[in-house]
Every structure is written in structure tokens, then in C-alpha cells.
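**Q** Chains A and B, in that order, are what the protein sequence lines are. With the working numbering, letter number 139 in the first sequence gets 418, and the count goes up by one each step, no holes. With the working numbering, letter number 7 in the second sequence gets 1005, and the count goes up by one each step, no holes. The beta carbon of each residue, even a glycine, is placed where N, CA and C say it ideally should be. First the structure, which I've put down as C-alpha cells, then a few questions once you've had a look.
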Amino acid sequence: MTPAEPVAAIPTDAALIAAWRGGDEPAAAELVRRHARALARFLAGAGALAADVDDLVQETFIRAFRGLGRFRGQCQFRTWLMTIGGNVLKDAHRRSRRSRLVPLGDDLRATDGDPHERAVAGEAERRLAAGLERLPRMQREVFLLRAQQGLEYDDIAAALGTTPGAARVHYHHAVRRLKEHMQ
Amino acid sequence: MNDDTRLHDDELREVAQRLGARAAERLDVERTAQAVVTRLRTEPRADVRVLGWIQPVWLRIAALLVLAAGAGVIARSLLHKPPEATALAAPAGAELSELSADQLRQVLEAVGQAGGEHETVSSQDVSLDDLSAPQLRALLEALEG
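In C-alpha cells:
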């Protein structure tokens, strides 16, 4: 029987945020490592072009770190980060005026599994992306935060400045409209 | 919600969870982390607008306070009309000792104004020495009838 190794304490987001506020740069880097992929998925799901995701992720973290004074733990840091990402994406679209539709490129083109299943899956993702494009922003973000990120309504509501009941209504409206679009 | 609907919701959730997965996989997290830290260290903060630091809610509260203060001034001016002359007079039969300082001040001001308007000289204040020759003659003629 091997002796139990001490488990290194994993700092919470709150501890990393406090450390960054105290000037600890590695704490900021750790927060990026912890949340960057989830943020990238959210941005891509919300309509970011694949080529823009890296820049948008960076810009979101920059804004978040510089606006940490507004974050008072009302929701998870990740949820708050996603709402900032939504603002960054909106600003980017306003500047570029490019289409928000995600092209059927590498992002939706799986390379493993049965070709027929891949095609079906790719088509479903393309339809969902197009359906999300047509939703009002609040419905789109609530849907992604709930269905894609698996967040709770309380957390989503706190991040978006609404009530859990309203967030639930936005989600169900989004689901109904997405189903209509995908069928 | 029936089973068919629930199944469809689950499928929708599965598709949503796949959405953006490849973009996330492609992201070089370590490079992104270093880039963010470098930018935080080197890039100047965005231009601060003059009122950029004020939360909109505080601006709303300030506007409401200004409106309330303005409404208060207007209401005060409407409710407090200028005192009328009759209001200045002391209550009939009141003793001076019963009057307040403000009431006394108002009475004195009213008396002063009345004196200014009617500068008459009492006959008790005038002696024969103060009369001129024509006035003395007129007085004697009046006494002779």
C-alpha cells in the first residue's frame, strides 16, 4: 500500500481573482487556462467565425480582467465571462458587418465515425447555428448558457441581469423556435 | 412534457454541446493565456470617458434627485404666498408681551411704513415761536372770529 500523496489545493476562481487583483500575473494566466475553451465554444456557438475565435477569446479576457471591479460574485466567474464574450462578439459584428452565420467549414466537419452519421451530425449543427442566428440575443445566450454550458438558471439570471423565471421563459422560447427551425 | 418532446430536447442539447467544440479544441490555451497576460501588462487601458465610470443607475438617481428638488422649490413657492397687510397686524386685543419676535418685527415695520406715508406734525409739537408772521396773523384773525 503506497502512502497517500498530499493533494495540492486547487485555488478557486475567487482566490485567483483576488490574487490577480493583488498583481499576481500567473493567477490571471490560470484563469485563462481554466475557462478559455468553454468561452471559445460559447463564442463559436453564438456565431463567431472560426478564424475570429482566438482574438475574441483574448479580447473577452482583457475586458473581464479590466472590469473585475464590477464582478461581485453575483454568479460564477465563467458565466460572467460569457456575458462579456457576448458583448465582445456583438461589438465585433458591428465593426465588421460580416455575416454571423457559421460557415460549414472545419468547425462543423467532423473527421471521425461513419460518413453518413458525420453528415447528419454536421447538418444538425449547421441548422442549429442558423437557428441560433435568428434568435434574439437574450434567447440565444440563455439557450447556450443552459444547453451548451450546462449552467443553472439562477446563475444565468444573475449574469444577465434578469430573474430565474424570465431566464427559464427565454430558454423555452428559444427551444421552441429552434425546434421549428430544425424540423 | 411527453417522452417524445423530452427526447427531442435532449437531442437539441447534444447538438448544442457539439457546437463550437472544434473551435475550442483548436484554441491554443497556453498561448492565449500568455498573450492575455502580456496585453494586460503592456497595453494601455482603453480611453476613459469623462462619465464612463459612473454607473447608469447613479445617473438616474441623480436625475431623480434634481427633479425632486425642482418640484420642491416650485411647491414651496406656491404654498408660501407673500404675507398680506392684514396678516402683519397683531391679533386684536393682544398684549405686546404676548407677541412673538417675528410678530413684533412685523408690527414695527408696519408702523414705520405708516409713519413714512403720513408725515403730519402734531399741534402739540408746534409752539408760537415756530410760526411765521403770516401764520401768526392768520391765527389771531381766527381767534377774533
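Is the distance from the Cβ of A:Glu-338 to the Cβ of A:Val-311 below 8 Å?
**A** In this structure, A:Val-311 does not lie closer than 8 Å to A:Glu-338 by Cβ.
**Q** Applying a beta-carbon distance threshold of less than 8 Å, which residues of chain B neighbour A:Lys-458?
**A** What A:Lys-458 touches in chain B: His-1006, Leu-1010.
**Q** List, in chain order, every chain B residue whose beta-carbon is nearer than 7 Å to that of A:Ile-341.
**A** Val-1034, Arg-1037, Leu-1038, listed in chain order.
**Q** Which residue wins for smallest C-alpha separation from B:Val-1013, given the options A:Leu-423, A:Leu-430, A:Ala-437?
**A** Taking only the C-alpha atoms, the option nearest B:Val-1013 is A:Leu-423.
**Q** What residue range is occupied by the uninterrupted alpha helix (DSSP H) comprising A:Ala-323?
**A** Segment 304 to 324, the alpha helix (DSSP H) holding A:Ala-323.
**Q** So is B:Asp-1100 buried or exposed if we call it buried at 16+ other beta carbons inside 10 Å?
**A** The residue is exposed, with fewer than 16 neighbouring Cβ atoms inside 10 Å.
**Q** State the DSSP-derived secondary structure class of B:Ser-1075, mapped to helix, strand or coil.
**A** B:Ser-1075: helix per DSSP, three-state reduction.
**Q** Between A:Ala-453, A:Ala-288, A:Ala-307, A:Thr-442, which lies nearest to A:Gln-427 when the distance is taken from Cα to Cα?
**A** Selected option, being the one with the closest Cα: A:Ala-453.
**Q** Between the C-alpha atoms of A:Val-332 and A:Gly-444, what's the straight-line distance to the nearest angstrom?
**A** Rounded to whole angstroms, A:Val-332 to A:Gly-444 spans 31 Å at the Cα level.
**Q** CA-CA distance, A:Lys-369 and A:Ala-325?
**A** Going from the Cα of A:Lys-369 to the Cα of A:Ala-325 covers about 10 Å.
**Q** When the cut-off is 8 Å and only beta carbons count, does A:His-452 lie next to chain B?
**A** It does not; no Cβ of chain B falls within 8 Å.
**Q** Which value, in whole angstroms, describes the spacing of the CA atoms of A:Gly-365 and A:Ala-437?
**A** Going from the Cα of A:Gly-365 to the Cα of A:Ala-437 covers about 15 Å.
**Q** Please list, in chain order, the residues of the region 335 to 369 of chain A that have any C-beta partner in chain B closer than 8 Å.
**A** Answer in chain order: Val-336, Gln-337, Phe-340, Ile-341, Phe-344, Arg-345.
**Q** State the Cα-Cα distance for the pair B:Arg-1024 and B:Leu-1062, rounded to the nearest angstrom.
**A** So the alpha carbons of these two residues sit roughly 51 Å apart.
**Q** Just how far apart, CA to CA, sit A:Met-417 and A:His-449?
**A** A:Met-417 and A:His-449: Cα-Cα distance of roughly 7 Å.
**Q** So that I know if they touch, is there some Cβ in chain A lying closer than 8 Å to that of B:Arg-1016?
**A** Yes, contact with chain A.
**Q** Quick one: grab the DSSP three-state call for B:Thr-1030.
**A** Of the three classes helix, strand and coil, the one that applies to B:Thr-1030 here is helix, per DSSP.
**Q** Whose C-beta lies closer than 6 Å to the C-beta of A:Gln-353 among residues of the same chain, with five residues either side of it excluded?
**A** For A:Gln-353, where only same-chain residues beyond five positions count, the Cβ hits under 6 Å are Ala-437.
**Q** Output, in chain order, the set of chain B residues within a Cβ distance shorter than 9 Å of A:Arg-312.
**A** Within chain B, the residues near A:Arg-312 are Val-1027, Glu-1028, Thr-1030, Ala-1031.
**Q** Taking 8 Å as the cut-off, does the region 1030 to 1043 of chain B touch the region 297 to 316 of chain A (at least 3 CB pairs, one atom from each stretch)?
**A** Contact holds: three or more Cβ-Cβ distances are below 8 Å.
**Q** For the alpha helix (DSSP H) containing A:Glu-420, name the first residue and the last one.
**A** That run of the alpha helix (DSSP H) goes 416 to 422.
**Q** Can you grab the Cα-Cα spacing for the pair A:Leu-439 / B:Arg-1074, in whole Å?
**A** In a straight line, the C-alpha of A:Leu-439 is about 43 Å away from that of B:Arg-1074.
**Q** Roughly how many angstroms separate the alpha carbons of A:Ala-319 and B:Ala-1021, rounded to a whole number?
**A** When rounded, the distance between both Cα atoms is 6 Å.
**Q** Just to confirm before moving on: does the CB-CB distance between A:Ala-323 and B:Gly-1018 stay below 8 Å?
**A** Taking 8 Å as the Cβ cut-off, A:Ala-323 and B:Gly-1018 qualify as a contacting pair.
**Q** If you compare alpha carbons, which of A:Arg-406, A:Ala-371, A:Ala-297 is closest to A:Phe-350?
**A** Cα-wise, what sits closest to A:Phe-350 is A:Ala-297.
**Q** If I follow the unbroken alpha helix (DSSP H) through A:Ser-375, where does it start and stop?
**A** Segment 356 to 375, the alpha helix (DSSP H) holding A:Ser-375.
**Q** Counting only beta-carbon atoms, is B:Ala-1022 nearer than 8 Å to chain A?
**A** Output row for B:Ala-1022: interface = yes.
**Q** Looking at the structure shown, is B:Ser-1121 part of a helix, part of a strand, or coil, going by DSSP?
**A** Interpretation of B:Ser-1121 is limited by its pLDDT of 49, a score under 50 that renders its predicted location unreliable; the figure taken from the coordinates is listed afterwards. Correct three-state label for B:Ser-1121: helix.
**Q** Assuming A:Met-461 and A:Arg-406 form a contact by the criterion Cβ under 8 Å, report the distance between their Cβ atoms to the nearest whole angstrom.
**A** The pair is a contact, with the Cβ atoms about 5 Å apart (cut-off 8 Å).
**Q** Contact criterion: CB-CB distance below 8 Å. Does B:Val-1013 meet it with respect to chain A?
**A** B:Val-1013 counts as touching chain A.
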